[in-house]
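K.L.:
Numbering (my numbering), first residue to last: 925 to 1090.
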Amino acid sequence: MAEHWRKAFDCAFLGSWAFNNPKKPILAVIESTDLEMVTGENGRQERCLVAHFAGGKLKPLILNRTNCKAISTVAGSCYREDWPGVAVLLTVQRVQAFGETVDAVRVKPERVCGHCEKRITGAGKMDAAGVAEWTKGAFGVTLCAACARERAGKNGEQGGGSETAD
Ligand SMILES: [Zn+2]
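Here's what the structure looks like:
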């Protein structure tokens, strides 16, 4: 397996080096966002918005404006209080920064299922945004209708038929 040299250094935050295959997006579910003091490469301390991901496997990602806008699109909300539970696909893109071309982690501005990674689409009377909003409330993570149905079925079995019809 190819391993980026940056992996050998103890980086506190997620970077493009974390992708074993830069062409394969990484699925991540936002757990929280925080304003944190971050030391940049020039040693200067800066207040940054940092996203933490569920599952504890991924390092936190420093959010720049581009990624904040992308998450707002995916979450359907500019308020970061609405972001926990939102599933995002992280990709690597070559971007121009300070006269250099560098690899940067970018959030794909697309509503995706936090389980199967497929695009969330409308179901029944609900549009895609509605499905995302509903699954986030019901399961704590944005899911596609198919995965939501599957999860609801499992919960029903475990619940022992305590459902009430109204
Ligand atoms: Zn799904």
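Even for Gly, the Cβ is constructed at its ideal location relative to N, Cα and C. Please read all numbers here as calculations on a predicted model, not as lab measurements.
1) In the DSSP output, what is His956 paired with across the bridge?
2) Measure the alpha-carbon distance for Ala936 versus Lys1049 and round it to whole angstroms.
3) For Ala975, tell me which candidate among Leu951, Pro1008, Val998 has the shortest Cα-Cα distance.
4) Can you tell me which of Glu970, Ala1069, Val1055, Ile1044 puts its alpha carbon nearest to the alpha carbon of Asn988?
5) Might you give, ordered along the chain, the residues of its own chain that have their beta carbon closer than 6 Å to the beta carbon of Asp958, omitting 5 neighbours on each side?
6) So is the beta-carbon of Lys1042 under 6 Å away from any non-hydrogen atom of ligand 1?
7) What is the C-beta distance between Thr1025 and Arg1018, in whole angstroms, given that I count them as a contact (C-beta under 8 Å)?
8) Which same chain residues, not among the five before or five after Thr963, have their C-beta less than 7 Å away from its C-beta?
9) Helix, strand or coil: which one does DSSP assign to Asp1051?
10) Consult DSSP for Ala1062 and reduce its assignment to one of helix, strand or coil.
11) Compute the beta-carbon to beta-carbon distance between Val1029 and Ile954, rounded to the nearest angstrom, for a pair I have assumed lies under 8 Å.
12) Let me check you understand the geometry: is the CB of Cys972 closer than 6 Å to at least one non-hydrogen atom of ligand 1?
13) Any heavy atom of ligand 1 closer than 6 Å to the CB of His928?
14) Is the separation between the beta-carbon of Ala1056 and that of Thr1066 shorter than 7 Å?
15) DSSP has Leu985 in a bridge; who is on the other side?
P.N.:
Quick answer:
1) Looking at the sequence provided, one finds Ser at residue 956 rather than His. Bridge partners of Ser956: His976.
2) 43 Å
3) Pro1008
4) Glu970
5) Val974
6) yes
7) Their Cβ separation, rounded to whole angstroms, is 6 Å, which keeps Thr1025 and Arg1018 in contact under 8 Å.
8) Gln969
9) coil
10) helix
11) At roughly 14 Å, the Cβ-Cβ gap does not stay under 8 Å, so Val1029 and Ile954 are not in contact.
12) no
13) no
14) yes
15) Ala975
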